[in-house]
Structures are given as C-alpha cells and as structure tokens.
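J.:
In the numbering used here, the protein residues as written are 90 to 316.
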C-alpha cells in the first residue's frame, strides 16, 4: 500500500558565535498519513517518535575544545591546548499526537593532553562503524536516547611510538538506564573499549583492530522482592 509522507523542515533562528561556542535553535514539522517512516527515525537518538504529525523545537548550546594555540597563533599549526574543557546542553520538545520533552545531550567534559573525562548524556559512536552506508552499530544503537554516563579514557588515536606507526584509543565508563521500563528498574551499564591502529595517519592503508564490551548489570523488579 502506497503511503503518502510529508517532511517539512524550517529553521526559525540560527546563530553561531565565535568558535568554540555555538548556539543554535531549530523548529520543524514532520507529517505522515500513518506512522512516521523508519528512515526518518533511524539514527536520530530517539528524538523522532513513531506517531506522526508533530512540531518540534530544538535548542543547542555547545562549547568544544579550543584548537587555538595559547601563544595567539604566532607560530604555524593548529595544536590544541594542554588543558581544556567543554560542555553541551540540548533541550528538545515534540508536540502533536505525542508530547515529549527530551534531553538528548547534557554533559560536561575536560581534557588533559590526550586524556578525557566526561559526565552526562552525549551522542556517541563506539567501535568500528560506517556511519554513512549503514543503519548504525549493532551493539550501540543510535535509535534511542543516550545513557547517562561517566567516562574516562583516550577518545582519539594517540601514538604509542614516536613515529606514529602504532596508536591506541579506548575508554571505560559506568552508566545508568532510564527507569521507564515496565519490568526492571535501576539497571546499570559497565562499558569498556580499546582499539589499535597500525599505520601512520598519512598512509592510505591502515589496519584497525580492537574490541568493545557492554554489560547490563544490577536492576530490580518492582513486582517482587527477595529476602
């Protein structure tokens, strides 16, 4: 059966302040004769509900790490500061057949050299995943709101050898699932991942290998208790 679908998007206001601070707001409308098509909901981190015909409002304030040199750029290059911080806050409102107030991102992060610590809710891609030609990762979905987490690690490939031939990245995290599940609540997440790259950054062919590990643990049922 042919399903008519209408997608209409418009921006009511957009502002990007001087880097690294960015401020943006968006508004749009998604309408369909029946349910919202899957491809409009896929990899949207739970922001687009299955019920169609909705108006959404979105705001986002982000401070990324500063890539300007501490000496004011008098020397060539674009090296980052040794010690830096960043944050993001993104409230999102859906109104229509379904009314939702969502918070897909709300986190603060800090970096010292190649080490990073962050806490909050942040969009992430974990593992070796083609983000353009697939519907997303099997183990870490982009179809649901991110989990609240605290994480420490090396988020970008960092050379182990001075030549850059071998580089590693990885992290360890502890997270919390939302308590909107009908059967089990207070579920926690244990997560760790590490990857190695063999080959210099400028090489056309490089070898990547690693693993990621997610454990759902804890939890309790509101329907019974164990003495």
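Note that beta-carbon positions come from the ideal geometry of N, C-alpha and C, so glycine has one too.
Tell me, to the nearest whole angstrom, how far the beta carbon of residue 210 is from that of residue 236; I am working on the premise that it is less than 8 angstroms.
T.: Their Cβ separation, rounded to whole angstroms, is 7 angstroms, which keeps residue 210 and residue 236 in contact under 8 angstroms.
J.: May I ask you to report which of helix, strand or coil DSSP gives residue 149?
T.: The answer is strand: DSSP assigns residue 149 an E or B state.
J.: Look at the alpha carbon of residue 142 and the alpha carbon of residue 136, and state the distance between them as a whole number of angstroms.
T.: Rounded to the nearest angstrom, the two C-alpha atoms are 14 angstroms apart.
J.: State the beta-bridge partners of residue 232 as determined by DSSP.
T.: Residue 232 is not bridged to any residue.
J.: Can you list, in chain order, the residues of its chain whose CB lies under 6 angstroms from that of residue 199, leaving out five sequence neighbours each side?
T.: Around residue 199: 174 and 206.
J.: Roughly how many angstroms lie between the CA atoms of residue 262 and residue 119, to the nearest whole one?
T.: Their Cα atoms are separated by approximately 35 angstroms.
J.: CB-CB under 7 angstroms to residue 202, same chain, minus the five flanking residues each way: which ones, in chain order?
T.: For residue 202, where only same-chain residues beyond five positions count, the Cβ hits under 7 angstroms are 171.
J.: Check residue 203 in the structure and name its three-state DSSP category.
T.: Three-state DSSP puts residue 203 in coil, outside helix and strand.
J.: Tell me whether residue 110 sits in a helix, a strand or coil according to DSSP, three-state version.
T.: In the structure shown, residue 110 sits in a strand (DSSP, three-state: E or B).
J.: Within a Cβ cutoff of 6 angstroms, which residues of the same chain sit near residue 140, ignoring the five residues on either side of it in sequence?
T.: Excluding residues within five positions, the ones whose Cβ falls inside 6 angstroms are 186 and 187.
J.: Answer with buried or exposed for residue 300, where buried requires no fewer than 16 other C-beta atoms within 10 angstroms of its C-beta.
T.: Per the 10 Å Cβ criterion, exposed.
J.: What do you get for residue 268, buried or exposed, if any count of 16 or more other CB atoms within 10 angstroms of its CB means buried?
T.: Exposed, since its Cβ has fewer than 16 Cβ neighbours within 10 Å.
J.: Please state if the CB of residue 280 and the CB of residue 302 are separated by a distance shorter than 9 angstroms.
T.: Yes, Cβ-Cβ distance for residue 302 and residue 280 is below 9 angstroms.
J.: Excluding the 5 residues preceding and the 5 following residue 133 in the sequence, name in chain order all residues of the same chain whose CB lies nearer than 8 angstroms to its CB.
T.: Once the five neighbours on either side are set aside, the close Cβ partners of residue 133 are 231 and 232.
J.: Express the C-alpha separation of residue 212 and residue 265 in angstroms, rounding to a whole number.
T.: Looking at the two C-alpha atoms, the distance is approximately 15 angstroms.
J.: In the DSSP assignment, the alpha helix (DSSP H) including residue 133 goes from what residue to what residue?
T.: Per DSSP, residue 133 belongs to no alpha helix (DSSP H) and is neither H nor E.
J.: Express the C-alpha separation of residue 195 and residue 257 in angstroms, rounding to a whole number.
T.: Distance between the alpha carbons of residue 257 and residue 195 is about 27 angstroms.
J.: DSSP on residue 266, reduced to helix/strand/coil?
T.: Residue 266: coil per DSSP, three-state reduction.
J.: Kindly give me the distance between the Cβ atoms of residue 182 and residue 234, rounded to whole angstroms, as I take these residues to be in contact under 8 angstroms.
T.: Actually they do not touch by this definition, with Cβ atoms about 14 angstroms apart.
J.: Rank 148, 223 and 305 by C-alpha distance to the C-alpha of residue 278 and give the top, closest one.
T.: Of the listed residues, the one whose Cα sits closest to residue 278 is 305.
J.: Could you check the C-alpha separation between residue 145 and residue 116 for me, to the nearest Å?
T.: Rounded to whole angstroms, residue 145 to residue 116 spans 6 angstroms at the Cα level.
J.: Just reading off the beta strand (DSSP E) that residue 322 is part of, what are its end residues?
T.: The first residue shown for the chain is 90 and the last is 316, placing residue 322 beyond what the model contains.
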